[in-house]
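Numbering (the numbering used here), first residue to last: -7 to 240.
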């Protein structure tokens, strides 16, 4: 769920080695629980290119309003994977292409990134990919039934470095509860991050949670080395690959 800036600032960030824009975010008010805390920041207006892509391509890949029903959204019954914070969609498209027998729902709050993904998915010709623009937490809370997804992918989420923003990290007790509810028995969560402190944070949160067991795994071969992964490698950082297995 990597928080992404507007199209105008994306180029500027990509010009330098791993330049993540510093967020100016107010402290959390007393009593606010992590489940209701946004793990992203919205910014910017939409360009004409983004609007055109969304208007032309989104209708064919958007899921219907209301409760999420995978068979209705994809037109078939198959294993379903949710990617949270898909960014420009490189990983989601690659997964859909590598596993045509499975369906992929890719989510992000960043409309320009999803618009680019729509264009790339159209060119790649992957029929098993759908998109949802919005925050994953209320989507999962309000629209997803128990035991819906076979797996959840969380690649390079915003690490929220400052101690006062720790509760904004997606991996939290409340969100782990939520993921445990929407995963099918035997399901799992894949996490990738180039920030060691975030990996340790995730491992600590999972160690204290009764429904998941965490372990380090090898990098999935199907995932392209774009975006934050490429920048992390260029900066000399290791890529932490974690798998959280849902316990009975």
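Yeah, the Cβ is synthetic: ideal placement off N, Cα and C, and Gly gets one too.
Of the candidates 156, 200, 138, 199, 138 places its Cα closest to the Cα of residue 171.
For the stretch 31 to 98, the full-length alpha helix (DSSP H) segments reaching 4 residues or more read 40 to 53, 62 to 66, 82 to 90 along the chain.
Under the 10 Å beta carbon count, residue 213 is surrounded by fewer than 16 other beta carbons and is classified as exposed. The alpha-carbon of residue 125 is positioned some 10 Å away from that of residue 55.
In this structure, DSSP gives residue 198 a helical state, which the three-state scheme calls helix.
Residue 239 holds the alpha-carbon nearest to the alpha-carbon of residue 202 among 49, 239, 67.
Secondary structure of residue 227 (DSSP, three-state): coil. The shortest C-alpha to C-alpha distance from residue 232 to any of 215, 184, 100 is the one to 184. Assigned with DSSP and collapsed to three states, residue 122 falls in strand.
If only complete runs of 4 or more residues are kept, the stretch 121 to 172 shows the alpha helix (DSSP H) at 128 to 135, in order along the chain.
Judged by beta-carbon spacing, residue 145 lies within the 9 Å limit of residue 84, meaning their Cβ atoms are closer than that value.
For residue 240, the three-state secondary structure derived from DSSP is coil.
Between residue 151 and residue 189, the C-beta gap is smaller than 9 Å, which places the two residues in contact. In this structure the stretch 82 to 96 lies against the stretch 110 to 122, because at least three pairs of beta carbons, one per stretch, are closer than 8 Å.
Of the candidates 221, 174, 95, 174 places its Cα closest to the Cα of residue 131.
Around the beta carbon of residue 207, fewer than 16 other beta carbons sit within 10 angstroms, so the residue counts as exposed. With a cutoff of 9 Å on beta-carbon distance, residue 65 and residue 95 are scored as near each other. Separation of the CB atoms of residue 235 and residue 180 is rounded to 6 Å, and the pair is thereby assigned contact status at 8 Å.
Residue 204 sits close to residue 168, with the two beta carbons spaced by under 9 Å. By the C-beta density criterion, residue 223 is buried, having at least 16 other C-beta atoms within 10 angstroms. Here DSSP, grouped into helix, strand and coil, assigns residue 180 to strand. Residue pairing by DSSP places residue 204 opposite 238 in a beta bridge. Per DSSP, the beta-bridge partners of residue 233 are 184.
When DSSP states are grouped into helix, strand and coil, residue 114 belongs to the helix group.
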